[in-house]
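There are 4 protein chains.
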Amino acid sequence: MGRYHAASLAGYCPSAELVRVVDADETVAQEVGRDLGIEWSTSFNDLIKDESIDAVVIAVPTSFHADLIIEAAGAGKHVFCEKPISLERQPTVEAIAATRGAGIKLQIGFHRRFDPDWAAATSRIRAGDLGEVYLFRTSLRDMKPPTMEYIKGSGGFFIDVTIHDFDTARWMVGEIDEVMAFGAALSDKAFAEVEDIDNALIFLRFHNGALGVIDNSRVAGYGYECSTEVMGSKATVRVDNPSRVHMQWLTPGQAARAYVESFIERYPIAYRAELEQFALAVCDDLPVPVTGEDALAAFDLCTAAHLSMQQRRPVSLRHESGLHGVAYEMAGT
Amino acid sequence: MGRYHAASLAGYCPSAELVRVVDADETVAQEVGRDLGIEWSTSFNDLIKDESIDAVVIAVPTSFHADLIIEAAGAGKHVFCEKPISLERQPTVEAIAATRGAGIKLQIGFHRRFDPDWAAATSRIRAGDLGEVYLFRTSLRDMKPPTMEYIKGSGGFFIDVTIHDFDTARWMVGEIDEVMAFGAALSDKAFAEVEDIDNALIFLRFHNGALGVIDNSRVAGYGYECSTEVMGSKATVRVDNPSRVHMQWLTPGQAARAYVESFIERYPIAYRAELEQFALAVCDDLPVPVTGEDALAAFDLCTAAHLSMQQRRPVSLRHESGLHGVAYEMAGT
Amino acid sequence: MGRYHAASLAGYCPSAELVRVVDADETVAQEVGRDLGIEWSTSFNDLIKDESIDAVVIAVPTSFHADLIIEAAGAGKHVFCEKPISLERQPTVEAIAATRGAGIKLQIGFHRRFDPDWAAATSRIRAGDLGEVYLFRTSLRDMKPPTMEYIKGSGGFFIDVTIHDFDTARWMVGEIDEVMAFGAALSDKAFAEVEDIDNALIFLRFHNGALGVIDNSRVAGYGYECSTEVMGSKATVRVDNPSRVHMQWLTPGQAARAYVESFIERYPIAYRAELEQFALAVCDDLPVPVTGEDALAAFDLCTAAHLSMQQRRPVSLRHESGLHGVAYEMAGT
Amino acid sequence: MGRYHAASLAGYCPSAELVRVVDADETVAQEVGRDLGIEWSTSFNDLIKDESIDAVVIAVPTSFHADLIIEAAGAGKHVFCEKPISLERQPTVEAIAATRGAGIKLQIGFHRRFDPDWAAATSRIRAGDLGEVYLFRTSLRDMKPPTMEYIKGSGGFFIDVTIHDFDTARWMVGEIDEVMAFGAALSDKAFAEVEDIDNALIFLRFHNGALGVIDNSRVAGYGYECSTEVMGSKATVRVDNPSRVHMQWLTPGQAARAYVESFIERYPIAYRAELEQFALAVCDDLPVPVTGEDALAAFDLCTAAHLSMQQRRPVSLRHESGLHGVAYEMAGT
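Chains as they are written, first to last, in the numbering used here: chain A, 1155 to 1487; chain B, 1155 to 1487; chain C, 1155 to 1487; chain D, 1155 to 1487.
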């Protein structure tokens, strides 16, 4: 993802000027730097000391996120960081507090908000064209699972996969009062052995009364799926999964379309747009479109989902809108 | 529905000969009889005493189903009856026992099993083309709600709406170990006033491990929806909602299709096919494709859903395949 | 087709009562009669002498059409006849004149007018919703060619295939001033050997100024295609080819749908509806929806197409609406 | 288009470095230069004298194309030029000869070849997956017409619109032996007044025997249409028009999708990819993917279409593959 973001910044973000790529692995740093014709180094510390630099984009293993955010905040650099901020709540809160204290901007990589399809749907929902929301339904499914090594360090299914859907749910429909999650390890015993799952259904009850359901899978097999439906009193909107190409191939008795196979294929625009929006927020001193508090809210919802699955019961949540965003708290736990 | 079935039997079921229509309301009986050029009467008793008659189709208010089935069974008539057999468990069991005791056939009106789209999907699942099932997802939504009068006597949301989806779930994927239901009254306070709901999400865990979710609504607004997806290890199948006509209408910047608005539009074939299959089962002494035991299983799942929603907890079920079908029992209740 | 029409009349046309099936081949007559539980015979002459009979449906080889129509007209029977009336113009005209003289109804089997999709599109065009028509485009393609024996006796490509599209063009858009046809024998030399073609493009200029193009094939391979687009000043309408079932089958990287493979699959309703409409016209003494004159107009357009292809030039047509329909005349030939 | 190409070169073509924008209008030159942070000038002459520059992209009114190509060739600069090279044949030939003489590369802006959808389809055709081609069908339609001022200087309908389809036809299927064009001015008398048309159908017969039809319109109304179907002996491929967003909007009884409205929306990738491919050809000394000879062939086909329409007859063409591409010659004219 670091490479991808670097290439986006170099080639597709008019409001940003990529000046340096940093990777602890010298070979990688050098290769990416050379490919993009950009200065490279292995020192994050040097980077944040560089006064000519306004902002950093962090795409490293999750365990380093919070510390790097705090260091960057200390140096007064604005930060774009991949989700989640941390696999633990405390460092998440501390990282957010550090950026707030330093008065710097922190944007989290919930890219779906920047996809033109989702943005169009959400914009019409906000304009009231859908009326009151009754039902929210979304699917996020990977074609094939990552390695078991990755799974072990992923923080678990919800924080690795569902977190995007929790953010989408909050963004499109609003805050969430109740969560109940159901999971299963179906494709491979290895998931159960590391106490993880490969398929999940997550029920939501929104504060406005609407019902919601998220379905997730690591083993969809046919392709990468990311699609949503929101049903309302005036209209219903569906964001579809596109074909890989706008092409039908017809053979005897059958018409076939190629399915997208990865998030990179599905989101040709969103990953670039989120960085451009971040750059614009930095340049023009605007609020970032996805905050640390949004990341914390999604994190808390993942925790609630996990608790719900373990205890086989719905988990209620309290949320309070404050100065800096929404604080979630699990009721009665 | 009685009229519709009568017309189907008269015009579209080569294996059946419609000989008489019966309605307690003489005006209705006469009108339908005249329209179809068929003998009519107001006496169900006369009907089942008629030795020239092999079978009866019952499409009356649910409260009469069980008694009429028992009467017909007593007279040795095979019975096709609309779902549910009863709003209570005991009469359901008794009606089934009566038909079993009399050695007559009892088929229940789960029409979806006879739709070519669903039948094609299920047939491929059974052939193993899908591999192991991971996820089952189905929607059944009405465009507009029925009258509150109807709602009050409907036996509640699950037994009136979800029952079809429970049958579909069992038919396509298999028996169900766990149910959890979430409901809400969102469109009109009148639903809450009669302690009913207008939208629901029902979670399922199948005995084979697969996860499932049913979404139902009485107020979809845009049209009648009945669509399903089953995701498996080898393939995934989706049964779509068809357009009302195979026609696109393009105006500046937009391409539109007409949506089906009712179950009658959605199922031009299934309602006729279920009766023809019943007639064939009677003529050739074959097993009926949907049994009283199937109806009882779906009924028990509705009860579990209701209990789950009331107690805000998942409800586990035990099921045992016996001589006459599947017996469900709620575990620990 | 005879069998199919007989079954439709027996089972799906409430306004008709099928009383007898006639086939010169006793085995066929007996089999169909027995299957439908209907009287059968081998004598058309007996049939038309039967005073209890109001109308006959003719589905025999084209070479017998005109004579049987004339005989039926002589006996005062209304006639539904498959297209074309004849492979020659003179017998076509004579058959029409005979029915007109006898004051009986003659309906020709242009079934597409009775399909709900086409009917919906045409109805909106007539209501003015499309505005002025600019472009008409239609495809009619068979999956596989018939036998060469059939081809030899078919009267040639245009009269066997394109005739349906000429009727559709006239019905949806209006009369035609100019035709130019291009053909090729591409899949098999046998087509060229019998001086026929297997693929064609036919250009149309309508009297109202609109342009049109028909494409036809005997060897589409992937399935049976029948679809149309009409582009107008206010809107554009597309009648699509439906899927065989409303089902998508997803395997790694691909989503597939089954294509319809034959006209029987494509038109589950139209073949029945045309007979029911004919029966209604007979019962209620209404005008038939497709007249002999419509058949003659389509025939003349086929002749113009053939001439155009042979002489490699556009052929202009004059048409005059008279008492009994539209008379076409090739200008300057 | 100049602005758009400049932005593409600046932001999306890693193999090109945009160094200067030139426009005869100082205001425009300055504005574009400032927007892109690039040097600007009003002198094409200065530009081609600049030794640090390898190549120029020409996007000016057609009447200047040929001269600028010749000048650039004289200065040894590689040239990318928008279609057509000229509204006349002689300057087209001279421009091509000049580039050939100077040993520089000339690429013409037939962008559709660089769209992923069309490229995927063509690639499978070339791989033989389609078998022998029977039918080629393509639509290119603008939502709304340009100004009459533009129409007057456009060189006529075929050279302004159909030229893209001729190139696509040659690219996907092969050389063309026969052309016949039909046109009409339907939406506005102003088209007829300038002796132009607003709708056209163009028939093609390919050298390999396949039939083809192009339909074009300046007044499609509903949106911008660019879609193709190629039917072959083994398979058929369809390149569809995409939705504007992957979103369905459902209101009572209707499901709607937004249609693309312009070529800019339809081709988010192709216009950038053609420039990147040109840059790659220059950098690595590879053949350009679309040559001046391709432009000449498309020009000649436009001329044939025009002649055919005027003389109301099919026009035959001879083509000869030579050292430098394909030379078309109208047979018997």
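Here a beta-carbon is modelled for each residue, glycine too, at the ideal position from N, C-alpha and C.
Problem - Rounded Cβ spacing between A/Q1431 and A/P1422 (contact assumed at less than 8 Å) - result: No, A/Q1431 and A/P1422 are not in contact; Cβ-Cβ is about 16 Å, not under 8 Å.
Practice task
Give a yes or no on contact between the stretch 1299-1308 of chain D and the stretch 1433-1450 of chain D, applying the rule of three or more CB pairs nearer than 8 Å.
Solution key: no
Handout entry: Selected residue, minimal CA-CA separation from C/S1265, among C/A1424, C/P1406, C/H1232 and C/R1278
Key = In the sequence on display, residue 1265 of chain C carries His and not Ser. The option with the nearest alpha carbon to C/H1265 is C/A1424.
Exercise for the section: Let me know the secondary structure DSSP gives A/M1297 once reduced to three states. Expected result: coil
Practice task
Assign A/Q1464 to one of two classes, buried (16 or more other C-beta atoms within 10 Å of its C-beta) or exposed (fewer than that).
Solution key: exposed
Handout entry: Under 7 Å by beta carbon: chain A residues contacting D/V1399
Key = P1270, D1271 and A1274
Handout entry: Min CB distance B/D1394 to chain C below 8 Å
Key = yes
Handout entry: Chain-ordered neighbours of C/V1391 on chain B, where CB pairs are closer than 8 Å
Key = M1401, Q1402, W1403 and L1404
Practice task
Please name the residue in D/G1386, D/H1400, D/E1329 and D/S1381 whose C-alpha comes closest to that of D/L1455.
Solution key: D/E1329
Exercise for the section: Kindly examine the ligand MN and report whether one of its heavy atoms sits closer than 7 Å to the Cβ of C/R1188. Expected result: As presented, the structure is devoid of all ligands, the ligand MN included, so that no description of it is given.
Handout entry: Residue interval of the alpha helix (DSSP H) (run including C/E1180)
Key = E1180 to L1190
Exercise for the section: Would you mind reading off the limits of the beta strand (DSSP E) that contains C/D1283? Expected result: Run containing C/D1283: none; DSSP gives neither H nor E here.
Handout entry: Partner residues on chain D for C/P1468, Cβ-Cβ distance less than 7 Å
Key = R1466
Problem - Collapsed DSSP secondary structure at B/N1505 in the structure displayed - result: No statement about residue 1505 of chain B is possible, as the shown extent of chain B runs from 1155 to 1487 and does not include it.
Practice task
Please say whether B/V1399 and C/P1488 have beta carbons closer to each other than 8 Å?
Solution key: Nothing can be reported for residue 1488 of chain C, as the shown portion of chain C is limited to 1155 through 1487.
Practice task
Let me know if D/S1470 comes out buried or exposed under the rule of 16 or more other beta-carbons within 10 Å of its beta-carbon.
Solution key: buried
Problem - Contact set between the stretch 1348-1382 of chain D and chain B, restricted to residues whose Cβ is under 9 Å from the partner - result: A1374, G1375, Y1376 and G1377
Practice task
Starting from the Cα of C/A1213, find the closest Cα among C/A1273, C/S1371 and C/F1198 and give me that residue.
Solution key: C/F1198
Exercise for the section: Express the C-alpha separation of A/S1397 and A/I1410 in angstroms, rounding to a whole number. Expected result: Strictly speaking, residue 1410 of chain A in this sequence is Ala, with Ile absent from that position. Going by the C-alpha atoms only, they are around 10 Å apart.
Problem - Cβ neighbour criterion (16 or more within 10 Å) applied to C/S1371 - result: buried
Problem - Three or more C-beta pairs below 8 Å linking the stretch 1361-1378 of chain A and the stretch 1288-1301 of chain A - result: yes
Practice task
Answer yes or no: do C/L1284 and C/L1365 have a C-beta to C-beta separation smaller than 8 Å?
Solution key: no
Exercise for the section: Could you tell me the distance, in whole angstroms, from the CA atom of B/V1186 to the CA atom of B/V1175? Expected result: 7 Å
Practice task
Give a yes or no on contact between the stretch 1311-1330 of chain D and the stretch 1232-1248 of chain D, applying the rule of three or more CB pairs nearer than 8 Å.
Solution key: yes
Practice task
Consider the Cβ of A/S1217: report whether some Cβ of chain B lies at a distance smaller than 8 Å.
Solution key: no
Exercise for the section: Identify every run of the alpha helix (DSSP H) within the stretch 1296-1384 of chain A, keeping only runs that are complete inside it and at least 4 residues long; order them along the chain. Expected result: 1302-1306, 1317-1326 and 1343-1347
Problem - Secondary structure of D/C1456, DSSP reduced to three states - result: helix
Practice task
Tell me, please, whether the CB atom of B/Y1413 is closer than 8 Å to any CB atom in chain D?
Solution key: yes
Problem - Straight-line Cα distance separating D/K1259 from D/A1449 - result: 14 Å
Practice task
Verify the CB distance criterion: does A/P1299 have a CB-CB separation below 8 Å to chain D?
Solution key: no
Problem - Residue(s) in a DSSP beta bridge with C/W1194 - result: C/V1175
Handout entry: Simplified DSSP assignment, three categories, for A/C1167
Key = coil
Practice task
Pick helix, strand or coil for D/Y1158, following the three-state DSSP scheme.
Solution key: helix
Practice task
May I ask which residues mark the beginning and end of the alpha helix (DSSP H) holding A/E1225?
Solution key: T1216 to G1228
Handout entry: Among D/A1178, D/K1203 and D/I1207, the one whose alpha carbon lies nearest that of D/S1195
Key = D/A1178
Handout entry: Helix, strand or coil at C/L1260 [DSSP, three-state]
Key = strand
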